[in-house]
Structures are given as structure tokens and as C-alpha cells.
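As given, the protein sequences belong to chains A and B, one line each in that order.
Residues 1 to 331 in my numbering are what the first sequence lists, from first letter to last.
Residues 1001 to 1331 in my numbering are what the second sequence lists, from first letter to last.
Protein chains: 2
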Amino acid sequence: MTISDVAKRVGVSAITVSRYFTNPEKVSADLRERIALVVAEFGYVPNLAAGGLASARSRIVGMVIPNISSPIFANTIQSFSDRLSLHGYQLLLASSYFSRELEENAVRAFLGWTPAAIVLTGHFHTDATETLIERASFPVVETWDLQPQRKPIQVGFLHRDVGRDATQYLFGKGYRRIAFVQNSGTGDYRSLDRRDGYTAVMAEHGLEPILFAPTVLPQLEAGEQSFEALMKRDNPVDAIIFANDSLASGAILSAQRKGINIPEKCAIFGFGDYAISEKLSPSLTTIRPPAKEIGEVAASCILALTGAIPQDAEFQHLNPLPCELIERESA
Amino acid sequence: MTISDVAKRVGVSAITVSRYFTNPEKVSADLRERIALVVAEFGYVPNLAAGGLASARSRIVGMVIPNISSPIFANTIQSFSDRLSLHGYQLLLASSYFSRELEENAVRAFLGWTPAAIVLTGHFHTDATETLIERASFPVVETWDLQPQRKPIQVGFLHRDVGRDATQYLFGKGYRRIAFVQNSGTGDYRSLDRRDGYTAVMAEHGLEPILFAPTVLPQLEAGEQSFEALMKRDNPVDAIIFANDSLASGAILSAQRKGINIPEKCAIFGFGDYAISEKLSPSLTTIRPPAKEIGEVAASCILALTGAIPQDAEFQHLNPLPCELIERESA
DNA sequence: TTGTAAGCGTTATCAT
DNA sequence: ATGATAACGCTTACAA
């Protein structure tokens, strides 16, 4: 069943039915009703590939995220997808697992659909990806990070500042032997930016940075391993900043089982504010990133730039999106 | 840049370049190399909309899941997407929030792309969706559940049996005042199936079912609320089956803070085997659903049916996919 | 192994 | 407000 079939049934030309779908207000009310009837009767669904070919546009938005299992990105995807689908846009999703090559593959695949926009995580791409998005005739949005003087729209915050804030907070509380535990998954350069913020503050205070990189993979276990290793040192640490709340939760749960007092024996600081963090004993002091907001703002940018919503807001001004330090019991 | 432009540069006709992409083995090695060169040089990306229109096929697979934030579904999406992308398929994702109407919208939107397949969660659809998938000329896969005598391919297990198993397990351990706590989010009829398994077993043993439906929304808090309410009863329960591990975790974390001994005072049983469940104190006894396997098998079915991989396996025979009861400390 | 011609279902453009 | 015609870029079917 094609648009012409519908048109014949109604007794109009195909282009009128086409207008009914794209610009209903340009079709008379009478015709609108009659078309709606036929469409409903036959369950006609427009062929989007044909429309996309003819108009060189589509309502597909491609998104590449490191993975969908992380609570951090899940919230961004969800809010992004929700806002877009409200306006008839569809989400083509791909995972990069922090690999720039997989990201490039995904971008290439998206390109074939003449997408309305593409959303990437961060600004660390292959040269080929960089070329592809430079040439792109549609909006490209980078999320979860900010890099000065980059062309693409960026919706995020400075991870270095987050690392600084966490360290300053602990320093202000009197901690001096502060360690930083990296993400056991490789390739997350944003957690390395947070680490750099940490080492910078440590240096400013004349303190020596203590870095630990867990060797095991499940995050909770990696947190456990890191915690144990750092407590076992000749000169044990008195506070640990973890690259994310999963690692930090692993440490807290491990301490709990062993009867180690937190924060007395060692303060624990996370990143992410996952649902569990508030409920742990002790509850986890952490930084809440604007995960949901990133998705919403990214969607709004795209909708504004494609004309789906009025373009009154200059979304760039929203940057950096605010992170919130949440003081709880663990630090 | 179109396929004809590439063809001109190489000095062949467009169809040869087309073959290079779809059936490389039908193009001479010499030509293959020369085409590859030009493609790389100009960064040519085939227009998928045009190809889809001409062939009435696409490598888009539409998937509707209740939400992507739940650890349960996240694993399914991830494994599904990973396997499909290995074969050049792309994932169009939509959330239903357990709403059949939203599901229908998503299916309609997918249809316009002449997708290679559509994957739904469960078998509870609107009549219109039912009609749409009956008429579909591509595979439709229903995941996370089994319903006898349904036409679509189903990849899942019987939730009623899961509810039965949990209850029998607790009964075998000597518990008699067993309660079931439903999902605070509405519309998850699979958790109601598990509940029905529970009530059936209770009835078989002449025990009265005790049902509780939390009124608050965040799962951890709903679990807390449920736990407190069930312990406060005149005749307190001695075991609780929760609709999922988040609710159960909320109960365990709450008990921990209050110094209530689990399982002595009350046994806790979950569903889902989330990452945290193993690490709680006490660790959570639960049932591990085949989340990852569901995604993998669903993908394999689609790949087999579309001819991307050999069709030697009769995937239906894999059903029901096995759940595993994981005995830990909480029950 | 390669090519020719037609057509996929829609929308842009220009008319009326 | 509605219509005629010509693309859009690719693949199918058939031919050589």
C-alpha cells in the first residue's frame, strides 16, 4: 500500500496525502478528515525510506554511547530518547565501549540514513570521524564533556573541575593521604580528566598523589580490590576518590563486611550518584553529574536546530551543566 | 557523492559498485581493489534510504523495551545490539514504559523503514499492534516471556514458574508466612505472573497469600517501605519475595540500618541478580534471569531468518531459557 | 563478470 | 488549496 493508493481512494493526488502527513495545515479540513479515514482503514504507514530519499532528510538521530549498562549513560539515553520521540524522531543507538574505532563504524553507518543529527559521547575521535562530522550537513552534538574551542555543539561539564572539587572537599575536611582509583575499564578518558584535577590539587597542596588502577573487571570487585590494596599499604591512605560510584560502593560494601569504620578509618568519595549510593551504610558522598539534563539539553539543541521547536534559546549558554557535590556519611 | 560518481571514477557502471557492497565476491578482485580505493579516497557512504527503497529491505532492527534504565533490560539490549552490529545491522530503540500504546507508536514508526525485524518485550499488545505484527513480512520476536500457542517467535521463560520456584524454595526452608511484594511501577505484567506462581504454591500448601504493593516510586525506597510495612503487621511475615532485586536491596539495606537480622527475623528473596545483590550484607538470594542470553538468542533468530547466518539451529527449541536460583545469605 | 533499463515510494518544484 | 512532473540514489531483472 503506497501513498498513491491512499490518494486514489480519497480521490486526490499523492502529493496532497503527502502534505497531509508533513504539513496538515496546508490541506483543507474536509480532505484531512477523508484522508485520515482511509489511512486508518487500511493501516497505511508511509515508507520512510522513500521519503528520506526524496527529501534528503530523515527523523533518525544516531547516538553513540560507551555502553548502555552504565547507570550514568542510561539516564542520558532515556531522557534524550524521550524528548526526541515526543517530536517523532527515532533513536538509532550504537555502543562504542570506549573504542574510537567502533565509534567511527557507528558514525559511518548512521551517515547512510541522512540522519537529522548525530550525538557522540566526548570529543575523542579518530581522524576519520573528525572529518566525517566536520563535513556533516546536520547537527553533531558531543555530550558528557567540554573542550574549549571545538566546533561541534557540546553538552557537558569539565571533568577536571569535578576531580578538583572532590579533592578540595576532602582536603578541607582534613584528609591528606588521599588516593584516586581509576576506572578498571580502559579508555574512559573522562575519568582520567577527573584524576588530573585530583593530582593538580594534590600538587598545589604539596601532597603526593596516590594512584591505583584495579586489575579486575566487575566494578564492585574492582572497588573492593582497590580498597583492600590501599588500606594494606605501609602508609595507608585516609581517603579515596573513586572514578565512579560502583567502584566506591564496592569499597563500602567490603568495609562493611570487614567491620572497617568509614569514614573514620578511611573516607570514601564517588562519582555518579547512582541510586544505591544514598542507601549504603555509610551512605556515599559523591558528585551527581547532570546525566538526565545532558540528554534533555542535547535533544533540545537538535530539535531547535532542525526547526522542530522554536530556536529562541542559545543552548550553548547552558554549559557547563552543573554537577552537585552531595555530602553524605562516607566522607 | 553517489554510487554513480564512484562508478565513473573507477570507470565501471553503478551496478558494479552496488555489487561491490552487497556481493563483493561477484566482482573481480581487480575491480574490487580499484573501487575500494575510490571509496576510501572520497569517503563515500552508500545512501541507505535509497537502497532500502529499491530493495524493500533494510538492516534496521526495531526494538521496544519497557525502559533502558533497568539492569534487567540493559543487558538484553546490550547483548542483542552487540551481536546484530557484528553483521551490519543497526538498532532502532524505543521505550514503552510498560504502555501498550507507546509500544504501538514505536512499532508503527519502525514499520516505515521496512525493518529486517522487530523485537518486542512480552506478548501484551494493543489489538492494532497485534494486527500489524501478524501482517508483517519480517520476523517479529517477543522476548522475556513465553505464551503457549502464540505465532511470533518467543525468547524467554515462564515467570509463573519463577514465582513458584521461589516460593517452593522458601517453603522448603521452613518459612510459612511468606509475602510477595509487587513492582511499584505499574504495567509490568510479568511480575504479576511471578506473583501468580507464588499465590498458587501458597494455596497448594494451604497458606494464605500476603500481597503488598508499595506506593512510592524509586525502587529502593519502595522496597524499604514494603519491608517496614510487612514487619509492622500484627502477624509479621517471616519471608518476603520481591518482584525484583532493587526492591529486595531496598529491604536489605533498610534492615541493615535498623539492625534487623536477615534471614533470622525475615528472609528476603529477589529477582534479577543485579550486580549489587551478591555484595550486600547479607547477600541476596535471588533468581538470575537469562537477560544476556535473551538478547543473544533473539539476535541469532533474526540473523538466521534473514539469512545472515546459517539456519541450522531451530532456536525455538532453546525455550524456555533457563533461570538460575542463586542461594545466598538472605534466604 | 559486467552492463542496461526500469522502477522502488516519496517529496521538491513549479503551476494552476 | 491542489496537482503534474521530475527527481532522489539505489537495486532488480534481464541481457550480453
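Built from N, CA and C at the ideal position, the CB exists for glycine as well.
In summary, the residues of the stretch 276-289 of chain A whose CB is separated from some CB of chain B by less than 9 Å are Ile276, Glu278, Lys279, Leu280 and Ser281, in the order they occur in the chain. Secondary-structure assignment with DSSP links threonine 143 (chain A) through a beta bridge to A:Thr121 and A:Val155. Contact between the stretch 279-291 of chain A and the stretch 1297-1312 of chain B is absent: fewer than three C-beta pairs spanning the two stretches fall below 8 Å. Contacts with chain A at 8 Å (Cβ-Cβ) include isoleucine 1068 (chain B).
Annotation for lysine 151 (chain A): no residue places its beta carbon closer than 6 Å to its own, counting only its chain and skipping 5 residues before and after. With contacts defined as CB atoms closer than 8 Å, glutamine 219 (chain A) and asparagine 244 (chain A) qualify as a contacting pair. Nearest CB-CB separation between serine 1191 (chain B) and chain A: not below the 8 Å threshold. When C-beta atoms of the stretch 1163-1183 of chain B are compared with those of the stretch 1142-1151 of chain B, fewer than three pairs fall below 8 Å, so the two segments do not count as touching.
Shown here, arginine 1288 (chain B) sits in a strand according to DSSP, grouped into three states. Less than 8 Å divides the Cβ of glycine 1043 (chain B) from the Cβ of threonine 131 (chain A). Taken through DSSP and simplified to helix, strand or coil, glutamate 1293 (chain B) comes out as helix.
Residue state for glycine 62 (chain A) is assigned as strand, using DSSP reduced to three classes.
By the neighbour-count criterion, in which 16 or more other beta carbons inside 10 Å mark a residue as buried, threonine 1022 (chain B) falls on the exposed side.
Within the same chain, Val64 and Ala106 come within 6 Å of alanine 94 (chain A) by CB-CB distance, once the 5 residues on both sides are set aside. Contact between the stretch 197-207 of chain A and the stretch 157-169 of chain A is present, with at least three C-beta pairs closer than 8 Å. The C-alpha of glutamine 182 (chain A) lies about 8 Å from the C-alpha of leucine 211 (chain A).
Flagged as an interface residue toward chain B: arginine 108 (chain A), by a C-beta distance shorter than 8 Å.
The count of Cβ pairs closer than 8 Å, one atom from the stretch 1072-1091 of chain B and one from the stretch 61-76 of chain A, reaches three, so the stretches are in contact. C-alpha of threonine 1215 (chain B) to C-alpha of alanine 1222 (chain B): approximately 7 Å in a straight line. Contact annotation for glycine 1112 (chain B) against chain A: Val45, Pro46, Asn47 and Leu48 [CB-CB distance below 7 Å, chain order]. In the same chain as threonine 186 (chain A), and ignoring 5 residues on each side of it, the C-beta atoms closer than 8 Å to its own belong to Phe98, in chain order. Legend: CB atoms of the stretch 1117-1142 of chain B lying less than 9 Å from CB atoms of chain A belong to residues Ala1128, Thr1131, Leu1132 and Arg1135.
With contacts defined as CB atoms closer than 8 Å, threonine 126 (chain A) and proline 66 (chain A) fail to qualify as a contacting pair. Its chain contains Leu146, Gln154, Val155, Gly156 and Phe157 as the residues whose beta carbon lies nearer than 8 Å to that of asparagine 319 (chain A), once the 5 sequence neighbours on both sides are disregarded; these appear in chain order. By the neighbour-count criterion, in which 16 or more other beta carbons inside 10 Å mark a residue as buried, methionine 1 (chain A) falls on the exposed side. By the Cβ test, the stretch 262-281 of chain A is not in contact with the stretch 33-52 of chain A, since fewer than three Cβ pairs between them sit closer than 8 Å. Taking the Cα positions, arginine 108 (chain A) is about 46 Å away from leucine 1253 (chain B). Contact between leucine 86 (chain A) and valine 61 (chain A) is ruled out by a C-beta separation of about 13 Å, above the 8 Å threshold. For chain B, the residues of the stretch 256-269 of chain A that bring a beta carbon within less than 7 Å of one of its beta carbons are Gln256 and Arg257, in chain order.
A direct Cα-to-Cα measurement between alanine 117 (chain A) and alanine 56 (chain A) gives close to 13 Å.
Along the length of the stretch 2-63 of chain A, whole alpha helix (DSSP H) runs at least 4 residues long occupy 3-10, 14-22, 29-42 and 48-55, reported in chain order. Per DSSP, the continuous alpha helix (DSSP H) segment holding phenylalanine 73 (chain A) begins and ends at 71-85.
Sequence-ordered contacts of the stretch 17-38 of chain A with chain B are nonexistent [C-beta pairs closer than 8 Å].
Contact of serine 1095 (chain B) with chain A is assigned, a C-beta pair being separated by under 8 Å. Close CB contacts of serine 1184 (chain B) within its chain, under the 7 Å cut and outside five residues either way in sequence, are with Pro1214, Val1216, Leu1217, Gln1219 and Ala1222 (chain order). Non-local C-beta neighbours of lysine 292 (chain A) in its own chain, meaning closer than 6 Å and more than five positions away in sequence, comprise Asn75 and Ser79, ordered along the chain.
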